[in-house]
Every structure is written in structure tokens, then in C-alpha cells.
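Each residue of the sequence shown is one higher than the one before, counting from 1 in full-length UniProt numbering.
Idealized CB from N, CA, C, for every residue including glycine.
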Amino acid sequence: MDELMSASKEFFRQPLQMKREFSNLNDGEQFRAEGYGNDKVRSKDQILDWSDWIYLKVEPEDERNLALWPKHPSSFRDALHEFVVRCRRVKRDVLRAMARIAGLDDDDQHFVDQLGGRATVHARFNYYPPCPRPDLVMGIKPHSDGTVITVLLVARGADGLQVLRYGVWYSVPSSSTHALLINVGESTEVMSNGMFRSPVHRVVNSAEKERISLAMRSG
1 MDELMSASKE
11 FFRQPLQMKR
21 EFSNLNDGEQ
31 FRAEGYGNDK
41 VRSKDQILDW
51 SDWIYLKVEP
61 EDERNLALWP
71 KHPSSFRDAL
81 HEFVVRCRRV
91 KRDVLRAMAR
101 IAGLDDDDQH
111 FVDQLGGRAT
121 VHARFNYYPP
131 CPRPDLVMGI
141 KPHSDGTVIT
151 VLLVARGADG
161 LQVLRYGVWY
171 SVPSSSTHAL
181 LINVGESTEV
191 MSNGMFRSPV
201 HRVVNSAEKE
211 RISLAMRSG
């Protein structure tokens with residue numbers, strides 16, 4: 001986690017021209033999901049999130065578009081690959097525990113099996129630079145994940161993540177070390193008939209501090 005967060009910071013702190021080598025715009029115009037950039041602009045009146053991101057398909061491994069994987073820093077690709085491999089075990093263990101909580105003791109692979117043998121996993125690195133007027137923008141607008149499960153890697157001391165519960169926004173406490181947070185996705189909420197709820201969440205900005213996170217979305 002240390003190596004991956006360090007490599008992420010180094011990537012986002014590069015000059016814009018270097019980051020655009022991995023742009024999510026084909027020929028500077030046509031938007032695609034993968035690559036470096038930010039929101040797709042659909043209207044001149046659209047309010048954009050105050051963040052940059054790089055979005056990569058990481059599984060299945062044979063479907064990776066390595067042309068969009070940053071080459072600098074040199075540690076980025078290996079660190080991401082290692083993290084993806086280790087996340088497989090984290091997701092499996094969490095989903096098996098959820099199945100047991102749901103009373104599926106004879107089939108604790110139930111939610112794991114829903115991912116299938118070639119589950120699609122995307123990695124989204126989010127960079128939130130300091131904002132001079134954080135009261136006017138959102139790092140990421142309120143949303144819930146339309147996945148089975150999301151493993152969120154948050155850099156140490158990174159404030160800003162908030163979760164909506166009964167109409168009130170609660171701040172998720174930051175950690176003095178890197179932290180893994182688990183988000184249940186909408187697909188799991190449906191499969192569990194609402195036993196596990198997919199939380200609505202957002203990120204608010206800071207006027208002084210940058211924030212980096214990595215969301216590994218499965219399913």
C-alpha cells in the first residue's frame with residue numbers, strides 16, 4: 001500500500017503534458033472510460049467534480065490496456081499488479097463472511113460465485129487537489145457504487161469521505177496509516193434482498209490538503 005500510494009502521488013504531481021500521454025480522450029476529443037482525465041463534459045453548464053483520476057481495467061489480466069498504464073514512476077505498474085492480486089483474497093474473504101452473515105453457511109461462496117470466473121475489476125485512482133473555495137464544489141458528487149463490492153484504499157490522514165445515513169452526512173474518520181474500506185455495491189444489495197445496503201457517499205474538498213484514494217470496483 002505504501003508503494004502504490006507513493007507511486008500514485010508521483011504520477012499525479014507530474015506536469016499535465018506528461019499525464020496526458022495516458023489521456024481518456026482519443027485525439028483530444030473522443031471520451032473513453034479508461035485513462036487519465038476527469039468527468040465527461042456533456043454541457044457547458046455542467047458542474048464538474050474537483051478531482052482528476054486515472055481509470056484502468058485491471059482484471060481479467062489478459063484484457064488490460066497497458067498503453068494507458070503509467071510508465072512513470074517505474075514502480076507504478078508492478079505495485080498496481082501486486083495490489084490487484086492481494087485484493088482478490090480480501091474480496092473473497094469479505095464476501096464469504098457476508099454469505100455466512102446472511103445465513104448461507106452451506107454456501108459461503110454464494111456472493112463470490114456471483115462474480116464469475118472472469119470478473120471485471122476496474123481501478124480508479126482519485127486525486128483531489130486543494131481547492132480555494134471548497135464550499136462551492138464536490139470532490140466527487142453523491143453516488144452509490146453499481147458493483148458487487150469495492151475495496152477502497154485511502155492514503156494516511158486523508159479526510160473528506162462522507163456517508164449518507166438517514167438524511168445526515170457523516171465523515172469517515174481518517175487513519176494514521178493507509179486504510180482499506182469496503183463498500184457494498186448495488187448488485188450485492190439486490191442479491192441480498194436489502195440485507196446489505198449500498199451506501200450513498202461523496203468526497204468533500206479541503207482548502208489546504210490534497211487527497212488520494214484508489215477504488216477497486218468488482219462486478
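Is it buried or exposed, residue i, if we count other Cβ atoms within 10 angstroms and call 16 or more buried?
{"i": "Val204", "result": "buried"}
{"i": "Ile140", "result": "buried"}
{"i": "Ile101", "result": "exposed"}
{"i": "Gly167", "result": "exposed"}
For a test of the three-state rule: what should DSSP assign to residue i, helix, strand or coil?
{"i": "Thr150", "result": "strand"}
{"i": "Met191", "result": "helix"}
{"i": "Ile54", "result": "strand"}
{"i": "Ala179", "result": "strand"}
{"i": "Val172", "result": "coil"}
{"i": "Arg88", "result": "helix"}
What residues are listed by DSSP as bridge partners for residue i?
{"i": "His201", "result": "His143, Val163"}
{"i": "Ala123", "result": "Leu56, Met216"}
{"i": "Val184", "result": "Ile149"}
Just tell me which of the options has its CA closest to the CA of residue i.
{"i": "Pro142", "options": "Ser198, Ser176, Arg92", "result": "Ser198"}
{"i": "Val121", "options": "Pro70, Ser218, Tyr127", "result": "Ser218"}
{"i": "Asn126", "options": "Gln17, Leu214, Met1", "result": "Leu214"}
{"i": "His178", "options": "Ala207, Ile149, Arg211, Leu164", "result": "Arg211"}
{"i": "Tyr170", "options": "Pro132, His201, Ala155", "result": "His201"}
{"i": "Met216", "options": "Lys57, Leu115, Glu10", "result": "Lys57"}
{"i": "Leu25", "options": "Val184, Asn38, Gly194", "result": "Asn38"}
{"i": "Ile47", "options": "Met138, Glu61, Arg156, Val184", "result": "Met138"}
{"i": "Arg133", "options": "Asp2, Ser144, Ala207", "result": "Ala207"}
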